[in-house]
Amino acid sequence: MSVYVYAIVDATDLPPAVPRGIGGAPVQAIASGGIAAATSEGVAPPEPTEEALWAHERVVEALMEERTVLPVRFGIALADADRLRAELRRREEELVRILARVRGRVELGVRAVWTGGGAGGVAEPPADGAAGRGTAYLARKLAAERAAAEASARLHDPLARLADESVHEIRHAPELTLAASYLVDRGNVERFRDEAERLAREAGDVRLACTGPWPAYSFSTPVDA
Amino acid sequence: MSARDLSPEQNVTLVELVDRLLERGVVISGDVTIAVADIDLIELRLRALLSAVETTRARQ
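Going down the list, the protein sequences come from chains S and W.
When the count follows this note's numbering, it moves up by one through the first sequence with no breaks and lands on 225 for the last residue.
When the count follows this note's numbering, it moves up by one through the second sequence with no breaks and lands on 285 for the last residue.
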C-alpha cells in the first residue's frame, strides 16, 4: 500500500496534535532506529494543487512545533512501509546529521524586487547589430549586472550575518530580484525580520517580503563535505 | 478562495511555498512508486507566479 511521506522527525513518535494530511488522511509515524517518517498510508502522490500543497505544509509545520523536522519534498510516496523503513535505515546517519544541522532553527524566506529599474535595467541591444554598438551594449549589460550584484549584496550580506546558513539567487529578468533563504535560530526570528525591514526602507526602491518561519526546506539536503 | 482574491503578501507566500515544496526538501528515493510529473510542476509554478504578478499589477 502506497505510503506518502511528509517529513522526517528526530523521534520515533509524532506529537498528538498533528492535523490530517493529504485528502484528509491521518498522519502516522513509521520509525526506524531513532528517527521516524510522518506518513499517510494508502495515499498516492497527489496533483500539486494549492490545497494539496497546503495540506502537506500544515502537517510539517505542526510537527515543527514539537520536533526537529526535515521536510520532505512534495509528491513522494513509497511502495509500502517496509521499503520506507529500509530507506530510513540506509540513510539514518545522513538524516541524523541534517537533523542536527537544523535543530532549533527555522527557515526565513526573503524576496526582494527592485522597483526603480536603476540597479538592474539593461537597454535592449541595437536592432541593426552594428559591432561597435554591440560592444557598448555588452559593456552596459556588464555594468548593470555589477550594479545589481552590489544592490542585492547590500540586502543579503547583513541578513546572512544573522543566519547560520543561507542560499540566495539573483535574477535579472523580468525585474532584478533577490530570492534568498536563511537558516535562523528560533530566538533570532524577530531580529532578522526587523533588520530585513530596516534594510528595505534604507534601500528605498525595493519591495521586500520576508516569509516564514518555514520548515528548513532549503537546508535539508546533504551538504557536500 | 482563488489566487486573485489573495493580497500581494499572500501571493508571495504562495510563490515561496511552491518553490520550497516542489524544488527543495529531502528527497526520499529508493522505491518511489509515483512522483509528481514534471509538467505539472512547471504548470503550477507558472500559475502561481502569474497570479501573483496580476494581483500586484491590479493594486498598483
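We put the CB at the ideal spot given by N, CA and C, even for glycine.
Since this is a predicted model, take the numbers as computed values, not measurements.
- Task: Could you pull out every unbroken beta strand (DSSP E) segment of at least 3 residues lying fully inside the region 141 to 216 of chain S, listed in chain order?
- Result: 165 to 171, 177 to 185, 206 to 214
- Item | Helix, strand or coil at residue 94 of chain S according to DSSP, with G and I counted as helix | Indexing the first sequence from 1 puts residue 94 of chain S at position 94. Helix.
- Residues of chain W with a CB under 9 Å from the CB of residue 8 of chain S: which are they? Position 8 of the first sequence, counting from 1, holds the residue named residue 8 of chain S. 251, 253, listed in chain order.
- Task: Taking only beta-carbon positions, decide if residue 114 of chain S is within less than 8 Å of chain W.
- Result: Reading the first sequence from its first residue, position 114 is the one you call residue 114 of chain S. By this cut-off, residue 114 of chain S is not an interface position.
- Task: Kindly list, in the order they appear in chain W, the residues whose Cβ is closer than 9 Å to that of residue 71 of chain S.
- Result: Along the first sequence, one-based indexing puts residue 71 of chain S at 71. What residue 71 of chain S touches in chain W: 245, 246, 249, 250, 251.
- Query: From which residue to which residue does the alpha helix (DSSP H) around residue 58 of chain S run?
  - Reply: Translated into positions along the first sequence, residue 58 of chain S becomes position 58. From DSSP, the alpha helix (DSSP H) with residue 58 of chain S extends over 50 to 66.
- Task: Report all residues from its chain with a CB closer than 8 Å to the CB of residue 89 of chain S; omit the five preceding and five following residues, and keep chain order.
- Result: On the first sequence, position 89 is the one that residue 89 of chain S refers to. For residue 89 of chain S, where only same-chain residues beyond five positions count, the Cβ hits under 8 Å are 32, 33.
- Query: Assuming residue 179 of chain S contacts residue 169 of chain S under a Cβ cut-off of 8 Å, what Cβ separation, rounded to an integer in Å, is found between them?
  - Reply: In the first sequence, counting from the first residue as 1, residue 179 of chain S sits at position 179. In the first sequence, counting from the first residue as 1, residue 169 of chain S sits at position 169. Contact holds; Cβ gap of about 5 Å.
- List the residues of chain W whose Cβ lies closer than 9 Å to the Cβ of residue 5 of chain S, in chain order. Your numbering for residue 5 of chain S matches position 5 in the first sequence. The contacting residues are 251, 253.
- Message: Is residue 109 of chain S close to chain W? Criterion is C-beta to C-beta, closer than 8 Å.
- Response: Within the first sequence, the letter at position 109 stands for residue 109 of chain S. Judged by the 8 Å Cβ criterion, residue 109 of chain S is in contact with chain W.
- Message: Starting from residue 76 of chain S, trace the beta strand (DSSP E) in both directions and tell me its first and last residue.
- Response: Along the first sequence, read from residue 1 onward, the residue named residue 76 of chain S stands at position 76. Residue 76 of chain S -> beta strand (DSSP E) spans 76 to 78.
- In this structure, does DSSP put residue 70 of chain S in helix, strand or coil? Numbered from its first residue, the first sequence carries residue 70 of chain S at position 70. Correct three-state label for residue 70 of chain S: strand.
- Below-8 Å beta-carbon distance, residue 221 of chain S vs any chain W residue: Position 221 of the first sequence, counted from the first residue, corresponds to residue 221 of chain S. Chain W contact via Cβ: present.
- Hey, could you find the ends of the beta strand (DSSP E) residue 14 of chain S is sitting in? Taking the first sequence and counting its residues from 1, the one referred to as residue 14 of chain S is at position 14. Residue 14 of chain S -> no beta strand (DSSP E), and no H or E assigned at all.
- Task: With a cut-off of 8 Å on the beta carbons, I'd call residue 84 of chain S and residue 39 of chain S a contact; round off their distance for me.
- Result: Working through the first sequence from its first residue, we reach residue 84 of chain S at position 84. Working through the first sequence from its first residue, we reach residue 39 of chain S at position 39. Going by Cβ atoms, the distance from residue 84 of chain S to residue 39 of chain S rounds to 7 Å, so yes, they are a contact pair.
- Query: Between the region 9 to 40 of chain S and chain W, which residues of the former have a C-beta closer than 9 Å to a C-beta of the latter?
  - Reply: 37
- Query: When the Cα atoms are used, what is the spatial distance from residue 251 of chain W to residue 112 of chain S?
  - Reply: Counting from 1 along the second sequence, the entry for residue 251 of chain W is found at position 26. Counting from 1 along the first sequence, the entry for residue 112 of chain S is found at position 112. Taking the straight line joining both Cα atoms gives about 26 Å.
- Item | Which of helix, strand or coil DSSP assigns to residue 21 of chain S | In the first sequence, residue 21 of chain S corresponds to position 21, counting from 1. If DSSP states are grouped into helix, strand and coil, residue 21 of chain S belongs with coil.
- Item | Environment of residue 187 of chain S [buried if 16+ CB atoms lie within 10 Å] | The residue given as residue 187 of chain S occupies position 187 in the first sequence. So residue 187 of chain S ends up on the exposed side.
- Message: Using the three-state DSSP reduction, which class does residue 238 of chain W fall into: helix, strand or coil?
- Response: Reading the second sequence from its first residue, position 13 is the one you call residue 238 of chain W. Residue 238 of chain W: helix per DSSP, three-state reduction.
- Message: In whole angstroms, give me the CA-to-CA distance for residue 243 of chain W and residue 53 of chain S.
- Response: Taking the second sequence and counting its residues from 1, the one referred to as residue 243 of chain W is at position 18. Taking the first sequence and counting its residues from 1, the one referred to as residue 53 of chain S is at position 53. Rounded to the nearest angstrom, the two C-alpha atoms are 8 Å apart.
- Message: If you reduce the DSSP assignment to three classes, tell me which class residue 39 of chain S lands in.
- Response: Stepping through the first sequence from its first residue, residue 39 of chain S is reached at position 39. Strand, per DSSP.
- Please confirm whether residue 70 of chain S and residue 182 of chain S have their CB atoms less than 8 Å apart. Walking along the first sequence from the start, residue 70 of chain S turns up at place 70. Walking along the first sequence from the start, residue 182 of chain S turns up at place 182. No, the pair does not count as a contact, with Cβ atoms beyond the cut-off.
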